[in-house]
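J.: The listed protein sequences derive, respectively, from chains A and B. Numbering of the first sequence is given in the working numbering, commencing with residue 1 and proceeding in unit increments. Numbering of the second sequence is given in the working numbering, commencing with residue 1001 and proceeding in unit increments. Backbone N, C-alpha and C define an ideal beta-carbon position, used for all residues, glycine too.
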Amino acid sequence: MKSSHLRALALAVLLVVSAGIVANAAVSTPAEFPPDAFPSTYQPLPAQTTLIQHATIYTGTGERIDDGAVLLRDGKIAAIGKQVEAPAGAVVIDAKGKYVTPGLIDVHSHLGVYPSPSVAATANGNEMTNPTTPQVMAEHSVWPQDPGFNTARTGGVTTLEILPGSGNLIGGRGVVLKNVPATTVQAMKFPDAPYGLKMACGENPMRVYGSRHQFPSTLMGDVAGYRQAFADAQAYDREWKAWEAKVKAKGAAEAGPPPKRDLGKETLAEVLDGNIRVQMHCYRADEMAALLDVAHEFGFKIAAFHHAVEAYKIPQLLKKTGTCAAMWADWWGFKMEAWDGIRANIAMVDAGGACALIHSDDENGIQRLNQEVAKALAAGRRAGLDISKEHAVMWMTLNPAKALGLADRIGSLEPGKDADVVIWSADPFSVYARTEKVFLDGAVVFDRDDPQRQSTSDFMLGNFVDPHAVDAAAGEGAP
Amino acid sequence: MKYLAMILAMLCVACSPADHSADRTDARSTASAGNHAAGDGKVYAITGGTVYTLGAAGKIEHGTVLVKDGRIAAVGTDVDIPADAERIDATGKIVTPGIFDPESQFGIVEVGAVKETRDASAGDSRFSAAFDVADAINPRSVLIPVNRIAGVTRAMVSPTGGDKHIIAGRGAIIDLGSTEGFIHRDAAAMFAALGESGAEQAGGSRAAAMLALREALQDAKDYADNTSAYASNQRRKYALTRLDLEALGPVLSGREPLVVHVERASDIEAALRLARDFKLKLIISGGAEAWMVADELAAAHVPVLLNPLEDLPAHFETLGSTLENAARLQKAGVTIAFATGDTHNARNVTQAAGNAVANGLPWLDALKALMLNPARIYGMDKDVGTLEQGKLADVVIWSADPLELSSFADQVFIAGRKIPMVSRQTMLRDRYMQAMREKQALPPGYIMPAAQ
Chain A
1 MKSSHLRALA LAVLLVVSAG IVANAAVSTP AEFPPDAFPS TYQPLPAQTT
51 LIQHATIYTG TGERIDDGAV LLRDGKIAAI GKQVEAPAGA VVIDAKGKYV
101 TPGLIDVHSH LGVYPSPSVA ATANGNEMTN PTTPQVMAEH SVWPQDPGFN
151 TARTGGVTTL EILPGSGNLI GGRGVVLKNV PATTVQAMKF PDAPYGLKMA
201 CGENPMRVYG SRHQFPSTLM GDVAGYRQAF ADAQAYDREW KAWEAKVKAK
251 GAAEAGPPPK RDLGKETLAE VLDGNIRVQM HCYRADEMAA LLDVAHEFGF
301 KIAAFHHAVE AYKIPQLLKK TGTCAAMWAD WWGFKMEAWD GIRANIAMVD
351 AGGACALIHS DDENGIQRLN QEVAKALAAG RRAGLDISKE HAVMWMTLNP
401 AKALGLADRI GSLEPGKDAD VVIWSADPFS VYARTEKVFL DGAVVFDRDD
451 PQRQSTSDFM LGNFVDPHAV DAAAGEGAP
Chain B
1001 MKYLAMILAM LCVACSPADH SADRTDARST ASAGNHAAGD GKVYAITGGT
1051 VYTLGAAGKI EHGTVLVKDG RIAAVGTDVD IPADAERIDA TGKIVTPGIF
1101 DPESQFGIVE VGAVKETRDA SAGDSRFSAA FDVADAINPR SVLIPVNRIA
1151 GVTRAMVSPT GGDKHIIAGR GAIIDLGSTE GFIHRDAAAM FAALGESGAE
1201 QAGGSRAAAM LALREALQDA KDYADNTSAY ASNQRRKYAL TRLDLEALGP
1251 VLSGREPLVV HVERASDIEA ALRLARDFKL KLIISGGAEA WMVADELAAA
1301 HVPVLLNPLE DLPAHFETLG STLENAARLQ KAGVTIAFAT GDTHNARNVT
1351 QAAGNAVANG LPWLDALKAL MLNPARIYGM DKDVGTLEQG KLADVVIWSA
1401 DPLELSSFAD QVFIAGRKIP MVSRQTMLRD RYMQAMREKQ ALPPGYIMPA
1451 AQ
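#1: Can you check whether the C-beta of residue 147 of chain A is within less than 8 Å of a C-beta belonging to chain B?
#2: Please tell me whether residue 1102 of chain B and residue 1387 of chain B are closer than 8 Å, where the distance is taken between their beta carbons.
#3: Does DSSP classify residue 1316 of chain B as helix, strand or coil?
#4: Report the residues of the region 413-437 of chain A with a CB closer than 7 Å to any CB of chain B, ordered along the chain.
#5: Three or more C-beta pairs under 8 Å: does that hold for the region 1361-1375 of chain B against the region 1159-1168 of chain B?
#6: Starting from the Cα of residue 1421 of chain B, find the closest Cα among B:1185, B:1085, B:1151, B:1298 and give me that residue.
#7: Could you confirm whether any beta carbon from chain A is found closer than 8 Å to the beta carbon of residue 1309 of chain B?
#8: Using the Cβ count rule (16 or more neighbours within 10 Å means buried), how would you classify residue 1276 of chain B?
#9: Mind reading off the beta-carbon distance from residue 374 of chain A to residue 1406 of chain B? Whole number of angstroms is fine, and I expect it under 8 Å.
#10: Please report how far the alpha carbon of residue 470 of chain A lies from the alpha carbon of residue 1349 of chain B, in whole angstroms.
#11: For the beta strand (DSSP E) that residue 177 of chain A lies in, which residues bound it at each end?
#12: According to DSSP, simplified to helix, strand and coil, what is residue 1302 of chain B?
#13: Taking 8 Å as the cut-off, decide whether the C-beta atoms of residue 210 of chain A and residue 169 of chain A are in contact.
#14: If you pair each beta-carbon of the region 66-74 of chain A with each one of the region 107-123 of chain A, do three or more pairs fall below 8 Å?
#15: For the region 445-471 of chain A, list every residue whose C-beta sits within 8 Å of some C-beta in chain E, in sequence order.
#16: Under a CB-based cut-off of 8 Å, is residue 126 of chain A close to chain B?
#17: For a test of the three-state rule: what should DSSP assign to residue 1278 of chain B, helix, strand or coil?
#18: For residue 1240 of chain B, list the residues DSSP reports as bridge partners.
#19: Return the first residue and the last residue of the alpha helix (DSSP H) that residue 1426 of chain B is part of.
#20: Which first and last residues belong to the beta strand (DSSP E) in which residue 1104 of chain B is found?
#21: Using a Cβ-Cβ cut-off of 6 Å (strictly less than) and excluding sequence neighbours within five positions of residue 1209 of chain B, which residues of its own chain qualify?
#22: Pop quiz: residue 91 of chain A and residue 49 of chain A are said to be a contact at Cβ under 8 Å. What is the actual Cβ separation, rounded to whole angstroms?
#23: Using a Cβ-Cβ cut-off of 6 Å (strictly less than) and excluding sequence neighbours within five positions of residue 1287 of chain B, which residues of its own chain qualify?
#24: So what does residue 1417 of chain B bridge to, in DSSP terms?
#25: Looking at chain A, is there any beta carbon in it that lies within less than 8 Å of the beta carbon of residue 1438 of chain B?
#26: Using 8 Å as the limit for Cβ to Cβ distance, is residue 364 of chain A near chain B?
#27: Unbroken alpha helix (DSSP H) runs of length 4 or more, entirely within the region 292-379 of chain A: which are they?
#28: Should residue 1204 of chain B go down as buried or exposed, given a rule of 16 or more other Cβ atoms within 10 Å for buried?
#29: Below 7 Å CB to CB, which residues in the same chain sit around residue 1031 of chain B once its five sequence neighbours on both sides are set aside?
#30: What residues from chain A crowd round residue 1408 of chain B, counting only those whose CB sits closer than 8 Å?
#31: Assign residue 1470 of chain B to one of three DSSP states: helix, strand, or coil.
#32: How many Å lie between residue 1278 of chain B and residue 1217 of chain B at the Cα?
#33: Using a C-beta cutoff of 8 Å, does residue 439 of chain A count as contacting chain B?
#34: CA-CA distance, residue 1258 of chain B and residue 1235 of chain B?
#35: Does residue 1373 of chain B have its Cβ less than 8 Å from a Cβ in chain A?
#36: How many whole angstroms separate the CB atoms of residue 486 of chain A and residue 156 of chain A, which I take to be in contact at a CB cut-off of 8 Å?
Below, the structure is given as structure tokens:
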């Protein structure tokens, strides 16, 4: 909705200053993407054409290629198969005995908004001054120097969605980032990725506001809060649409000034229009069911329930609504709504036909999404489910890409997709496997054998300058 | 029992403590301490497995572990198996001692955010050092089966620091396999915090925290030396309550270790100075920057309880965090054990250990850090930590490498008791798996809707 409103606003200005005919012609050519006040300035790092061969490849589409090869050219996957010819001048990597996967994707991270070190000044993830804050944007809290971006990259994470916290019913917009070292968040923003809207079920909002004797203090208060917010957004939407109609029918001069922009309602109106994807923190099965009804009532879609520790109780419902469940492998018990968490959750949701994926919600866990998936796979097999590793790889690649609305660009090693690739020292389902190289848009962004390809945050410099070392640089990055 | 003792103490304000053992906290009777469960009456012969004894016998291929009366009766390749023994074939599998969690909240925290189920700290109470988790421990906690079926057989249950006391109180070592006789050793260690959290509790500075701890120890020493003078009001006023001073006695005498939570290298060094001054048996918990002072720790024979997955500068006191902490400490000769800080998922300590191996720790040392070193650190290695004759039979049969993510505990024994391999989580799983298999909307246990 923001797109069309802003477009109309721009047109109205145009109408005032130029000929009506030109402007009217423009009305019929809507902009392809929502205008973004904070556009991405991301530039892929310099990349060489690279052929990785003789590797065991988990494609991210559910298949495995033994002794396979993948060609990265111009930032994209150019070819994949048993045998791929190396173009002249290509860097050829013999990955015999090694494993290759797509770059890992985390749909739920607070890196940058709750960075390391965790101090009051850096805790910028929850705007807990009102239960409904759709107007805030996580990207304005992201500190690109969070050392956690580097450790996540070391763990093979190439794309991640940074979300506001779950203290509010509606916490604000999340932002999808390419995990490259940068000095500004704009330089990390995934070009043209849809925005996410963080919403939260359950105990957190009611605890935050209930403890202040404010609304909401109950689960029923939670649900009433979402509904009223979307009802208000619908009214706002109508107001703008009426004005737009007036502009179209009578011209800008007679239509009068546009309605006042309300950043929060604008965001929710974009959700109603399907341009912003709802990423909803929700633990319990019954709450997820209630939220699916709310979404149905207002005509929007929930892209994914996050945490979803009881998703295994309702896979059929998630399948029916096409809602993904982004889960941990085994977190449970830290609060009442997490009491029924089980290790087979991901596998059971997957077996039930719904879109299942891993997420971290944690600056440590994000470094080992492959291990979390390995645990979830093991638990699924223990439950009697027949799941292959190549299938389970999708839980950390293609399925998170689906949840982000980016499955046509990332998440699998298919020709034309972004060349986000990880080379592992061993099967990534092993606890002993480590990343060796991480490619992002075809560029090496991490190389375990090359210190020049191991980024260090500004924050990590100079903490341990050794007074005994003549060469002071020797003390940098001591850990 | 402690409450009874406390009530008696309160009723008996005029009495001399010397005359009444009932109000001495260290003389109280716990129903179970020292009274270990002696198996389940059966004899078990675990045969054919690759046995990592972690003792002098090392690794035994195709070994037999004989379990009788709660203890290990024999280990080796040539063990006479009694006719009445239940044989368990562990061919192709790995047999190890059980995992010993050196810092947990088993039985004193059920649901993290439900305060009624939390007994891990008493920050608002008058007590600090005297606070003892033993009387609060619930051996029927749902967390216990969840973790014991993953191989965790024994644990230090430790208090977490309250918001007022830098001395959190005393921990107890429990066996995760019984509801009676589960306390293996009460008052097994004293827990305190320095560093950032100690500073916060002491009024805003590390220096104040150190002063508070020194004052407590000095007072306790004075009290121990002049108990009867104290009883007749002949001593100066102490900062701590009488029960706290009494509780610190065994710490001062070196009988009970003091576990100090510190992360920063300089804070670890300050703790080492404190231990030297008072001749304390010190254990470092946390120790993110312990590798930076590894030689000092090794020289002082001070062990470290650490989480090998900590690698971010999450706090200013952990700027030196690294995945190589465990490997570097081990190499320097420091005894390490793994504490993940997450009791609900204490089972994930095998994953943490595996990562320590991926970052340089020898595999066998990782196994020892999980199973043997906690026993050594707390002085329990006469009883547990290895698969050797006479030890309590905490035995785990693993499907494969215990540190590998695809492995699982096939069968667990705790003090000779064969543990049912179920938990609330396996029950929830099976209930909903059955529903899925039978294509039912609701799992068994619910009333099924009548067929249309």
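T.: So, to answer that:
#1: Within the first sequence, numbered from 1, the residue matching residue 147 of chain A stands at position 147. By this cut-off, residue 147 of chain A is an interface position.
#2: Locating residue 1102 of chain B in the second sequence gives position 102, where the first residue counts as 1. Locating residue 1387 of chain B in the second sequence gives position 387, where the first residue counts as 1. No; because the gap between Cβ atoms is not below 8 Å, this pair is not in contact.
#3: Position 316 of the second sequence, counting from 1, holds the residue named residue 1316 of chain B. If DSSP states are grouped into helix, strand and coil, residue 1316 of chain B belongs with the helices.
#4: 429, 430, 431, 432, 434
#5: no
#6: Taking the second sequence and counting its residues from 1, the one referred to as residue 1421 of chain B is at position 421. Of the listed residues, the one whose Cα sits closest to residue 1421 of chain B is B:1151.
#7: The count along the second sequence starts at 1 and reaches residue 1309 of chain B at position 309. So, interface residue.
#8: Translated into the one-based positions of the second sequence, residue 1276 of chain B becomes position 276. Its Cβ having fewer than 16 others within 10 Å, residue 1276 of chain B is exposed.
#9: On the first sequence, residue 374 of chain A is found 374 positions in, with the first residue counted as 1. On the second sequence, residue 1406 of chain B is found 406 positions in, with the first residue counted as 1. Yes, they are in contact, since the Cβ atoms of residue 374 of chain A and residue 1406 of chain B sit about 7 Å apart, within 8 Å.
#10: Within the first sequence, the letter at position 470 stands for residue 470 of chain A. Within the second sequence, the letter at position 349 stands for residue 1349 of chain B. Answer to the nearest angstrom: the Cα atoms are 41 Å apart.
#11: Here the question's residue 177 of chain A lines up with position 177 in the first sequence. 170-178 is the extent of the beta strand (DSSP E) around residue 177 of chain A.
#12: Here residue 1302 of chain B is taken as the residue at index 302 of the second sequence, counted from 1. Note: residue 1302 of chain B maps to coil in three-state DSSP.
#13: Within the first sequence, the letter at position 210 stands for residue 210 of chain A. Within the first sequence, the letter at position 169 stands for residue 169 of chain A. Contact flag unset, no.
#14: no
#15: You won't find chain E in this structure, because its protein chains are A and B.
#16: Indexing the first sequence from 1 puts residue 126 of chain A at position 126. Not one chain B Cβ lies under 8 Å of residue 126 of chain A.
#17: Taking the second sequence and counting its residues from 1, one reaches residue 1278 of chain B at position 278. Three-state DSSP puts residue 1278 of chain B in a helix.
#18: Taking the first residue of the second sequence as 1, we reach residue 1240 of chain B at position 240. Residue 1240 of chain B is not bridged to any residue.
#19: As a first step, residue 1426 of chain B is located in the second sequence; it is residue number 426 there, counting from the start. Unbroken alpha helix (DSSP H) run through residue 1426 of chain B: 1424-1437.
#20: Locating residue 1104 of chain B in the second sequence gives position 104, where the first residue counts as 1. Here the beta strand (DSSP E) through residue 1104 of chain B covers 1099-1104.
#21: Here residue 1209 of chain B corresponds to residue number 209 of the second sequence, with the count starting at 1. Excluding residues within five positions, the ones whose Cβ falls inside 6 Å are 1166, 1194, 1198, 1199, 1202.
#22: Walking along the first sequence from the start, residue 91 of chain A turns up at place 91. Walking along the first sequence from the start, residue 49 of chain A turns up at place 49. About 7 Å; that satisfies the 8 Å criterion.
#23: Here residue 1287 of chain B corresponds to residue number 287 of the second sequence, with the count starting at 1. Cβ neighbours of residue 1287 of chain B beyond the five flanking positions: 1304, 1306.
#24: Within the second sequence, residue 1417 of chain B is the residue found at index 417, counting from 1. Per DSSP, B:1414.
#25: Translated into the one-based positions of the second sequence, residue 1438 of chain B becomes position 438. Not closer than 8 Å to any Cβ of chain A, the Cβ of residue 1438 of chain B fails to qualify, so no.
#26: Start at 1 with the first residue of the first sequence, and residue 364 of chain A comes out as number 364. Residue 364 of chain A counts as touching chain B.
#27: 315-321, 345-351
#28: For this step, residue 1204 of chain B is matched to residue 204 along the second sequence. So residue 1204 of chain B ends up on the exposed side.
#29: Position 31 of the second sequence, counted from the start, is the residue given in the question as residue 1031 of chain B. Note on residue 1031 of chain B: pLDDT 41, under 50, position unreliable in the model; no value is reported.
#30: Along the second sequence, one-based indexing puts residue 1408 of chain B at 408. Chain A residues near residue 1408 of chain B: 378, 382.
#31: Outside the modelled stretch of chain B, which goes from 1001 to 1452, sits residue 1470 of chain B, for which no answer is possible.
#32: For the purposes of this step, residue 1278 of chain B is identified with residue 278 of the second sequence, where counting begins at 1. For the purposes of this step, residue 1217 of chain B is identified with residue 217 of the second sequence, where counting begins at 1. Looking at the two C-alpha atoms, the distance is approximately 8 Å.
#33: One-based indexing of the first sequence puts residue 439 of chain A at position 439. It does not: the Cβ of residue 439 of chain A has no partner Cβ on chain B nearer than 8 Å.
#34: Numbered from its first residue, the second sequence carries residue 1258 of chain B at position 258. Numbered from its first residue, the second sequence carries residue 1235 of chain B at position 235. Their backbone Cα atoms lie some 26 Å apart in a straight line.
#35: Counted from its first residue, the second sequence places residue 1373 of chain B at position 373. Output row for residue 1373 of chain B: interface = no.
#36: Because residue 486 of chain A is not part of the residues shown, which for chain A are 1 to 479, the question remains open.
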